[in-house]
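In what follows, a single structure is set out as structure tokens and then discussed.
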Amino acid sequence: MTSNLIDISIAISPDAVVWPGSPTPEFSLRRSMAKGDSSNNSNFFMNIHTGTHIDAPLHFVKNGMSVDGLPLEIMVGKVLVMDLSGEKEITVAALEERWPAKETKRILIKTTNSKFWKESPRTFRKDYIALTEGPARWLLERQVELIGIDYLSIQRFGDSPLVHKILLQKGIVILEGLDLSSVKPGEYELICLPLKLVGTEGAPVRALLRSMN
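Going by my numbering, the final residue of the sequence shown carries number 215, and the count climbs one at a time with no gaps.
See the structure below:
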């Protein structure tokens, strides 16, 4: 059966790319049918910001909203995929050139980062493209509610957390760790519901796009 769903999540495994200093995902069997148990039963351990995940305000805002308090409506609905894969950086000019005339509440930014998931599937790339202060404030002025990017952080490696703070202080949901390599620019329906982790600053998601055609 043909599906109009596009999986834009990255796989989680012990070989997954992680932020420098973060632990690699671990799977361990508590019970194993191969060893004579009646079922298979596994434990799973990883950092919340590994793989495709959402950042809630609590990530960089003291006493900010945790992931279990986020309105689910923000994470389901019409989204615009913007293709900046021909750009060396995300600039206000590049965003303005691609910005639609109608209101847009959710955007996913496709860059050259998406090719890293195949080119460097086990190696963290410090040269990934991300937002800087100017574009972040420009998007804030457009009153977006969710911004997604195709690597593990919305801000550049080594930068201060200013970009995170600009967005999270205004309640914007940040969706990180996307694979947009097979996605064409345009409008889709986004589905990216986080695990209902109580009191945490983020959570893993399975992010999907549905064609609007």
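Ideal placement from N, C-alpha and C gives every residue a C-beta, glycine not left out.
DSSP lists 191 as the beta-bridge partner residues of residue 80.
In the structure shown, residue 94 falls within a helical segment according to DSSP collapsed to helix, strand and coil. By the Cβ-count criterion, residue 145 is exposed, with fewer than 16 other Cβ atoms from all chains shown falling within 10 Å of its own Cβ. Runs of the alpha helix (DSSP H) spanning 4 or more residues and lying entirely within the segment 85–166 occur at 94–100, 118–121 and 135–143, in chain order.
Shown here for residue 43: same chain residues with a beta carbon closer than 6 Å to its own, the five before and five after excluded, namely 32 and 33 in chain order. In the DSSP assignment, residue 61 falls outside any beta strand (DSSP E) and carries neither an H nor an E. If you look at residue 55, you'll find it in the beta strand (DSSP E) that goes 55–57. Exclusion of the five residues before and after residue 10 leaves 54, 110, 180, 181, 182, 185, 209, 210 and 211 as the residues of its chain whose Cβ lies within less than 8 Å of its Cβ. Here residue 136 has 94 as same chain residues with Cβ atoms under 6 Å from its own Cβ, once five neighbours each way along the sequence are excluded. Put simply, the backbone Cα of residue 156 is about 14 Å away from that of residue 140. Of the residues assessed, residue 64 falls on the exposed side of the cut-off, its CB having fewer than 16 other CB atoms within 10 angstroms.
With a 10 Å radius around the Cβ and a threshold of 16 neighbouring Cβ atoms, residue 116 comes out buried. Under the 10 Å beta carbon count, residue 104 is surrounded by fewer than 16 other beta carbons and is classified as exposed. If you check the CB distance, residue 161 and residue 134 come in under 9 Å. Close CB contacts of residue 163 within its chain, under the 6 Å cut and outside five residues either way in sequence, are with 62 (chain order).
Boundaries for residue 36: no beta strand (DSSP E) harbours it, and the DSSP string shows neither H nor E there.
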